[in-house]
Amino acid sequence: MNKDNLGLTQMDNGFITVSWNAFESVQVKSSDKLFTIVLKALSTSTLSQSIHMNSAITTAEAYDQNLIEKDIRLSFRSDNGIISDNGIVLYQNNPNPFSDNTVIGFEVPKAAKATLSIYDLTGKVLFVKEVNTVKGYNSVRVNNSQLGVTGILFYQLDAEGYSATRRMLVIQ
14 MNKDNLGLTQ MDNGFITVSW NAFESVQVKS SDKLFTIVLK ALSTSTLSQS IHMNSAITTA
74 EAYDQNLIEK DIRLSFRSDN GIISDNGIVL YQNNPNPFSD NTVIGFEVPK AAKATLSIYD
134 LTGKVLFVKE VNTVKGYNSV RVNNSQLGVT GILFYQLDAE GYSATRRMLV IQ
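By the numbering used here, the letter at position 59 of the sequence shown is numbered 72, and the numbering carries on one by one without gaps.
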């Protein structure tokens, strides 16, 4: 890919289009970086709230070597988030450590049912919350009074066959 594959005529309206094709199939791994776009933020926001893939100007489509249409999606990776192959991200709770309450954030690529569990070092479950998520960013606020303990705890998100665990610290 090069700059000729980018359509910048609608950039002032907030759109950048991308189009690429080849006569022979190209094998890429899911971890391969296909291209990079450097942007300057004009306001405070997250990338996943600001950048979207759609078909407003150029149809969002991809095909394999047999011309069978494939699913495509835009994924975001962050230093403080764990991202799965299906686009689910579990963020570090904030604040951490905490004494009163904390927020555990996560992102899902589509609305789904998710379970957030918090347990201690022995594996004892202290908190379980079933969440009907919306596409994009979701969060659960947890109060220290709901946990009843201090120290190192683990929180786990289970959704759409995905599971991720992180540590947090509860202080007095």
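Beta carbons are placed, not taken as given, at the ideal position from N, Cα and C, and that holds for glycine.
Residue span of the alpha helix (DSSP H) that contains residue i, given as start and end
i, result
"Gln-159", "157-160"
Beta strand (DSSP E) segment containing residue i, residue limits
i, result
"Asn-79", "Careful: Asn-79 lies outside any beta strand (DSSP E) and carries neither H nor E."
"Asn-114", "114-121"
"Asp-171", "164-172"
"Ser-176", "175-183"
"Thr-135", "Careful: Thr-135 lies outside any beta strand (DSSP E) and carries neither H nor E."
Assigned secondary structure, residue i (DSSP; H/G/I helix, E/B strand, else coil)
i, result
"Ser-63", "helix"
"Asn-34", "coil"
"Lys-126", "strand"
"Lys-142", "strand"
"Asn-106", "coil"
"Asn-15", "coil"
Residue i versus residue j - alpha carbon distance
i, j, result
"Val-39", "Gln-23", "29 Å"
"Ser-186", "Lys-137", "This structure leaves residue 186 out entirely; the chain is present only between 14 and 185."
"Asn-34", "Leu-80", "12 Å"
"Ser-63", "Lys-46", "20 Å"
"Glu-37", "Val-31", "19 Å"
Residue i, buried or exposed, once every other Cβ within 10 Å from all chains shown has been counted against 16
i, result
"Val-183", "buried"
"Ile-85", "exposed"
"Glu-120", "buried"
"Leu-170", "buried"
"Val-155", "buried"
"Thr-178", "exposed"
"Ile-131", "buried"
"Val-135", "Looking at the sequence provided, one finds Thr at residue 135 rather than Val. It is exposed - the Cβ of Thr-135 has fewer than 16 other Cβ atoms within 10 Å."
"Ile-165", "exposed"
"Thr-146", "buried"
"Ser-151", "According to the sequence shown, residue 151 is Asn rather than Ser. With 16 or more other Cβ atoms within 10 Å, it is buried."
"Tyr-76", "exposed"
Discussion item. Three Cβ pairs or more, each shorter than 8 Å: is that satisfied between the segment 68-80 and the segment 106-119?
Written reply: no
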